[in-house]
Amino acid sequence: MSDAVLEIKSLDVDYGLGADAVHAVQDVNLTLHRGEVLGLAGESGSGKSTLAYGLTRLLPPPGVIAGGEVIYHQDNGDTADIMRMTDAELRRFRWAQTAIVFQGAMNSLNPVHKISTQLTDVIKAHDPASTPRSRLGRAREMLSLVGISADRLDSYPHQLSGGMRQRVMIGMALALDPRIVIMDEPTTALDVVIQRQILGQLIDLRERLGFSVLFITHDLSLLVEFSDRIAIMYGGRIVEEAPAADIYRDSLHPYSDGLLHSFPALRGPRRELTGIPGSPPDLRAMPTGCAFHPRCPKAFDPCAADLPVLGVPESHTAGQQRTVACWLHPIH
Amino acid sequence: MSYLLRRVAFYVFTAWAAITLNFFIPRMIPGDPVQSLITKARGQMTSDAIASLYVLFGLDPKESVFSQYFKYWGQLLRGDLGLSFTFFPSQVSEVIGQALPWTLALVGITTVIGFVIGTALGTLAGWRRGSWIDALIPVTTFLSSIPYFWLGLIAIALLTGPDSFFPAGNGYDTGLVPNWDWEFIGSAVQHGLLPAITILISSMAGWILSMRNMMVTVAAEDYVTVAHAKGLPERRVMVGYAARNALLPNVSGFALSLGFIVGGTLLVEIVFSYPGLGFLLYQGVGSKDYPLLQGIFLIITLSVLLANFVADLAYMLLDPRTRREG
Amino acid sequence: MTASSMKSSASATTEVVLEADGLTKHFPVRKRGREVLSRVTRMVQAVDDVSLTLRRGRVTALVGESGSGKSTVARLLAQLYPRTAGEVKLHGKPVTATSGKRFRAYSRQVQMIFQDPFASLNPVHTVRYHLTRALKIHNRAGASKEDLENALTGLLARVQLTPPERYIDKFPHELSGGQRQRVAIARALGADPEVLLADEPVSMLDVSIRLGVLNLLRDLKERLHLAILYITHDIASARYFADETMVMYAGRVVEGGDSETVTQQPAHPYTQLLIDSAPDPDQIAGYRTSEKDRGSGEPPSLINPPSGCRFHPRCPHVMERCKTDLPPRFDISDGHFAACWLYDKEKA
Amino acid sequence: ANTKSASNGVLNVGMPNGPQTENNNPFLNTSASRSLGYARVIYEPLVMYNEVKAGDNTAPWLAAKWEWSDNYRKIVFTIRDNVKWSDGKALTADDVAYTFQLLRDNPGLNTDSVKYKDIAASGNQVTLGFEASQFVNQKKILEQFVVPKHQWSTFSAPTTETVKNPIGSGPFTLKTFTPQTVTLTAREGYWQDAPAIKEMRYTSYTDNQAQTTALATGAAEWSFVFIPNYQAVYTSKDPQHYKLWFPPVLGIHGLWFNTKVAPWDNKFLRRAVNMVVNRDDIFLQGEAGYFYPKVDNITGIPTPAGEPFIAPEYKDKKATMDVAGAKQLLTGNGFTYAGNVLNDPTGKPVKITLTVPSGWSDYVTDLEIIKDNLKDIGIEATVDKANQDAWAKALDTGDFQGALHWTNNGNTPYDIYQSIMDGALFKPVGTGGINGNFGRYENPAATAALSEYANAPDDAARTKAMNELQKIFVEDMPAVITSAANAGGEYSTKNWTGWPDGQNQYAPAQPTLENALDIVMRLKPAS
Amino acid sequence: MATPTIVDATPAAAVKVKRQRLRFVANPKAAVGLTMMGIFILLAIIGPWISPYDPSARSNALVEGPSAEHWLGTTHLGQDIFSQLLSGTRSVILVGLLAGVIATILSLLIGVTSGYLSGTAAEGLSALSNVFLVIPALPLIIIITSILPKTTDVTIALVIGLTSWAWGARVLRAQTLSLRRRDYVEAARATGESTWRIIIFEIMPNLTAVIASNFIGTVIFAVTSEITLAFIGVNTSGDNWNWGTILFWAQSQQALAQGAWWWFVPAGLAIALLGTALALLNFGIDEFVSPRLRGNGKSKVKTVDGDTVRMRVGFTPVLGFGRKDEP
Ligand SMILES: Nc1ncnc2c1ncn2[C@@H]1O[C@H](COP(=O)(O)OP(=O)(O)OP(=O)(O)O)[C@@H](O)[C@H]1O
Ligand SMILES: Nc1ncnc2c1ncn2[C@@H]1O[C@H](COP(=O)(O)OP(=O)(O)OP(=O)(O)O)[C@@H](O)[C@H]1O
Ligand SMILES: [Mg+2]
Ligand SMILES: [Mg+2]
Ligand code: NI
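Top to bottom, those sequences are chains X, U, G, P and Z.
Position 63, counted from 1, in the first sequence is what our numbering calls 1001; the numbers after and before it change by one each time, with no gaps.
Position 44, counted from 1, in the second sequence is what our numbering calls 56; the numbers after and before it change by one each time, with no gaps.
Position 182, counted from 1, in the third sequence is what our numbering calls 739; the numbers after and before it change by one each time, with no gaps.
Position 478, counted from 1, in the fourth sequence is what our numbering calls 484; the numbers after and before it change by one each time, with no gaps.
Position 78, counted from 1, in the fifth sequence is what our numbering calls 119; the numbers after and before it change by one each time, with no gaps.
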């Protein structure tokens, strides 16, 4: 695998301050490599979105970054910690380096501005020297890149279908040639047919443009097909991280296993579906030890007592690039 | 243009309703209007004069309501609102025409300025929650709870006086002849300042508050986050994304609450003896000048309708979703 | 349980409970602008000529993309909308009640579960209120307080919300999504219906909770021999939980048959597209651009639906005929049919 | 504020009447010219009549001479011949006759309702003939102003004419009109010596408060307005110059009883009330110590204007507070007390509802005082503040128990008594359209005396009738008179002197009355 | 009611009901508003009894400033202004509440019906409320009340109530429209509930916040209207004191010019305070309905560098490197 573009180091994200704080993301370490699609999965409330917004510092109040670093590696080898950027630096950094595509495209596009305005104002903000004509040209280019005819430039968001809007968002995300695109459930509101169209297009573009993708969804079967690597979150922590195929074929963490056995498969033999018993943890009253232990079919003594650390499991070689946080799989 | 058409239909209907209501108002009066006029004179008129007044007004109660109604419409279409009692035999339309410009200027300008400033402050307050400007909110709440007229009274008590820059009443210096010269305009502005400030203080608070709340709501919308994520300059995000959207409900709120605002501002005119419709209304009430009251009510309603329509048009321009094609 | 208790469970599994024949629903579109002057009212042809049968003890899945008219079918079956045309037969008898006593009698037998468990329970009422109302409306609350209490406990037990006292006095917001959906199901069961119309009962639920609710539905089917209409857009879940599957496209049923057959050997090009598009973990990193353009274009407008086969503008196998003639159902194999000219045997 | 004032020959007059519309019709008291008073300096009366003065109260003006004959059924005016209209035409007897014809032919203009019959002009004389004696209407006829025939004959509807360009014989002509201020300038060619005032500005202030402020700051130098606590608000601001003078005229305000409602049909009860009403409080608190002057003669005739008319037996009879006497009067006439409560002869507690328009603050105050006073003799009163229309209607139809109201005024106390006691005006309770006698007072003797007075052939008969009327009134007390009607004003002697006052009672100091012209002519710049 | 607060009853917000009461009072604005309102209502009840003088009783202390005998001074008739203020509270509160109740009932009837039912009747009702909304209410009220032969508190309240329901009806209609297609309403229908039961038991309870905020808005409007009417002399009937009557007398006796500030300042302040109390209550409701509006305690945080920054959208503050409060 190629080198890292983004390194998340022991990132903590809270909602609220002091004793009332909800620790929505805890001690997350994650590396995004150049050109890869990193999938982030986990059930609702596990902290996926919080992580994504937290690392870009877009989390609205009462969210705060309680600690950690997010190191961005520039092409020239320089690094910058997003957490230490000033507002102005952040503004310059955003979109030029990391773009975000949100879940609901209708809500991501400003309903009162034309598509063209929304495409060009970001170019203008980062390249004030550009001419309106060149900006418009770029906007047109981006639209055709995502398969929308340029005459849609003058449309307002409400005049486009859901799929088209989502594509506009993707086009907008790519307008400044960012190194990283973060996508938070970009297709859950869409139809499977359109979902496939859009994601197919995105893969194409990635191959051509070479950006990295952090892809968030709770649809594991989609992730497995779509991403290179997958990280599974539970209760605000990463519990397993591995190449997609490894997770699918040989998940180590019982929670990953449970997730995978919650999806009916369309093709192939009928698998047995076991699901995951119990309900997601309450972030305010997290179980001790491994947060998953109350629901874990394989829980044993240490699970309730101690927090398992994420690491390369003993049973695997370090070269395999997978980590897990489970007492069943002691780490090196 | 469906939206526009629907609105137009609505305005036509409302105008009709208001006019019809207006027709029935004097028909609800106990006794007859002339009696009120006589009463008003209070000793300045001998009781023998009554007879002559009946002759003057030529009241004919023996007509069917229907034909009266049609007659009324006919008169309206000719711009004839009847004769004022107080200023007999002046036409009500003439009396109102004299007062209307003042109200339009005072109420119109202050309402718009109040809306603009209030919205701007509300935008800032909502955007910078917790900053000093947000601390304005309780103060403005208190101010907006004060009835317009009382604030006006206090302003008069505190700020006017023989040596004060602010005159205590009237629309312009006595002795000046309304004219488009600087002396007159300056005087009119000087006289309008205090009432205007009163209206501004009272009315602005509402806008600040609703705009602030809308801003807080809108600031949490995804597209605002996206705008931040796009690295747009803060001003652009605040104005182009957050405020632009937060404004929409405020504009339609503006249109709808015009009726309330006008009601409130009329009182300011009363307190400041400003020669506008509000003061005329007050005079009309005091002297039971029903034709005048009717006329004022009609004109106010129609003006509010018109203003509403303008606000609607503004809304249409602001919100592309209402501009849906065919 | 009235009629059903007399029959043996063997024969019961095939007994038709609810039938829809040529069900059609057109919603008028609000007139705009100049149209006000014209006499023609435009219609959203949300559901067109849909026929289906629900059998005792069987789950029938209705799949299709968003906006294809699935919910409308369910609501028509529940008599929540007046229908434009067609017939609904309960135990072979046509029903027309949309209000009043007759509707109540109908709703006793046909109950509906809504897509969103977060929205289908009134936030201001407790679980007890919801269930008590369901029982009371259908006179199943019993004479005494105890009867009612027993009935409530029974209901909660049936949807595996045990112990009942832990849930009975809770407000919806105090329950998890899965629990809420169970309460919604319990409410439907409160009428002791024969038919359950489940409109996307799990699409709003978390992956790990979905399964529990679906398993519960299956369990109910097996224990209570309910006829269940399972509406979803997740065709994979239809494969797993439904005995039969019908596929809708733009207000029409385009294919139907045994679930396994429909999902594994889809006949209609739309079904094929749908199945092709569904994420497939076995095809790891399979998101490369496929050679063939997958179903280009957008779902059709239902106000001016395409003539002939409604899928023809997007269909890779489109023929001249598709553009003009509406394809009828063609039987492909036992119970498996598709409304597509490709299967017109006479043509060949 | 604007205080660039009158030293340069300008007199600033103010009235609290709100913005005006341009209407200079001198006949209509709704017109701006009448409500602000500037009609008085444009149009001139035939005779200047001073109603505050008893006797010797007429002075020739446009008419050099006038003569009544035929027991006040005929009058001959001799018109001056050096008078010119402001457009230069001469004022002739024809103009005078035409003015009276206008009044006769247009009841809408004839707000005094004088019944003119024959009108004839010959030479410089105008002769008017009447059906009945006009003794009681003398003032109205003498005071009539004159309009130019050559202008008014062109008006098709004089009753709704707004006379945009008034032509008068007075010393001033209209210069500019704005809703707020009307400016008049002294004209050339006035028949008398030109007034010292070169320009008059009539400003219509929006309300009493604004008018008071204007007076207090000197922006207005002459006005007629009610000022509560006038010392504090007005005169104290410049005690040397700021003056007010409100002499009474022959009209009154009083508490009218509905004499058809028991127990108020009982004259002893009414007289008892008269004995406890505190007129001092009413004068000082309700009328701010000046506005409607106190009337304390028991006959209700305001003094000094009515002095000559008061019967010898009542000359010094003052209405004074006498609670004990009142109680005695009551208990002596069938009324009883149960504790503090007065019961009428039938045993019912005596109560009264006093009706008043809600916004009339002085009346309300007066009634509050009366209510308190009534408590002293065990009568429970309620002040019912009604809507003005409702109040007017209640009085019109007799649907009230007690109410404050005014009477007409004139050149004799006849108008007062006629308003209160005339049986000719009587209409039964429930019937409206009444022109006075709101109390439904029925006494043939009073009616006869009134008619006697109006038509008496000579002064002796008139005196007799007047004495009779006073006797009936004092005996029956159909209304309790509280205050006199006034004809006064506030003025400042800072820039102009020569105003009428207690020492020099040549005219009532009200800018809207006919006498305003007289005052204007006499004002001189302060040295 | 110049504040057009758009009440946004999002389903998520409407969900929390149980904790409602406590949470509502926990809101500092609501708590202050509630306390102030409580005092006003208490005064409305006991005011006339505890007032030291008969508010109409005259004395010889004419236009005197505040003193030990007359805490807020006297009028031109020597009446005790403090007593007038106390006694006047009842009328103000009564008219406000009564008009509020009338308008709220009307707006409920009209708003909810036109929202829930469809068809011409509903459209007609909606058009009616729009008409009433646009017609300026205060001039209409002034004209109607000045025409009425006799005005008591009740008639005033009636007139205000009958003319000021439109705003509420509109808001309620919009809310009902959005609730009407909610699943739980449909579900209730599918269960077999009757229409009226759905309206009363399923829809109305979810409108409580809107109804309450609307009620308060109308009360504010009614109070100011009543006072305005009294002030311009339309309603000074009977011996019924209200704050507007005090101001009317102050104005007609030119208290300002007389320097009798005690005559009009307390009444005006009382109005402003009552208005503030009601406005605070309304904020409480707004914030309660739309949690986003709630002030979230601390708005400033200390960052790594020891700077204090404001929490705001778009720039999440970074507290430090490592969670400090972690054991
Ligand atoms: N403003 C907030 N205050 C307190 N807790 C919050 C807030 N916002 C989110 N949370 C909590 O933080 C946790 C993580 O939320 P997050 O949105 O990141 O989950 P997610 O994994 O993205 O879920 P989903 O799949 O539903 O989008 C959740 O348990 C949520 O309840
Ligand atoms: N009340 C209505 N008035 C007008 N059109 C309607 C109405 N209800 C549904 N429709 C339209 O009918 C069509 C079918 O809607 P329906 O809700 O049945 O689709 P669906 O298959 O259930 O979709 P989803 O998967 O999104 O729930 C859609 O185009 C929708 O816009
Ligand atoms: Mg999320
Ligand atoms: Mg649906
Ligand atoms: Ni000035």
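For every residue, glycine included, the Cβ atom is placed at its ideal position computed from N, Cα and C.
I want to verify the contact list: residues of chain Z whose CB lies under 8 Å from the CB of residue i, in sequence order.
i                      : result
residue 323 (chain U)  : Chain Z residues near residue 323 (chain U): none, gap ~11 Å exceeds 8 Å.
residue 940 (chain G)  : Coverage of chain G is limited to positions 558 through 905, which leaves residue 940 (chain G) absent and any answer about it impossible.
residue 1028 (chain X) : 356
DSSP three-state label for residue i, please.
i                      : result
residue 964 (chain X)  : strand
residue 1004 (chain X) : strand
residue 1220 (chain X) : coil
residue 62 (chain Z)   : Reliability of the predicted coordinates at residue 62 (chain Z) is poor, the pLDDT of 49 falling under 50, and no value is obtained from them.
residue 234 (chain Z)  : coil
residue 359 (chain Z)  : strand
residue 1117 (chain X) : coil
residue 91 (chain P)   : coil
State buried or exposed for residue i, treating a residue as buried only when at least 16 other CB atoms are found within 10 Å of its CB.
i                     : result
residue 515 (chain P) : buried
residue 203 (chain U) : buried
residue 93 (chain P)  : exposed
residue 17 (chain U)  : exposed
residue 177 (chain U) : exposed
residue 197 (chain Z) : buried
residue 356 (chain P) : buried
For a contact meaning CB atoms closer than 9 Å, what does residue i contact in chain Z?
i                     : result
residue 671 (chain G) : 224, 225, 227, 228, 231
residue 375 (chain P) : 99, 118
I want to verify the contact list: residues of chain U whose CB lies under 8 Å from the CB of residue i, in sequence order.
i                     : result
residue 191 (chain P) : What residue 191 (chain P) touches in chain U: nothing, since even the nearest Cβ is about 13 Å away.
Using a Cβ cut-off of 8 Å, pull out every chain G residue sitting near residue i, in sequence order please.
i                     : result
residue 247 (chain Z) : 679, 680, 681
Identify the contact partners of residue i in chain X, using a Cβ-Cβ distance below 9 Å as the criterion.
i                     : result
residue 793 (chain G) : 1159, 1201, 1202, 1203, 1204, 1205
Cβ closer than 7 Å: which chain G residues qualify as neighbours of residue i?
i                     : result
residue 982 (chain X) : 763
Going along chain Z in order, which residues have a C-beta closer than 7 Å to the C-beta of residue i?
i                     : result
residue 320 (chain U) : 175
Exercise. Compile a chain-ordered list of the residues in the stretch 208 to 241 of chain P whose CB is closer than 8 Å to at least one CB of chain Z.
Key: For the stretch 208 to 241 of chain P, the beta-carbon criterion of a distance under 8 Å to any beta-carbon of chain Z is satisfied by 214, 215, 218, 219, 222, 233, 234, 235, 238, 239.
Quiz item: At which residue ranges does the stretch 370 to 432 of chain P contain complete alpha helix (DSSP H) runs of 4 or more residues, listed in the order of the chain?
Solution: Fully contained in the stretch 370 to 432 of chain P are the following alpha helix (DSSP H) runs of length 4 or more, in chain order: 394 to 403, 420 to 427.
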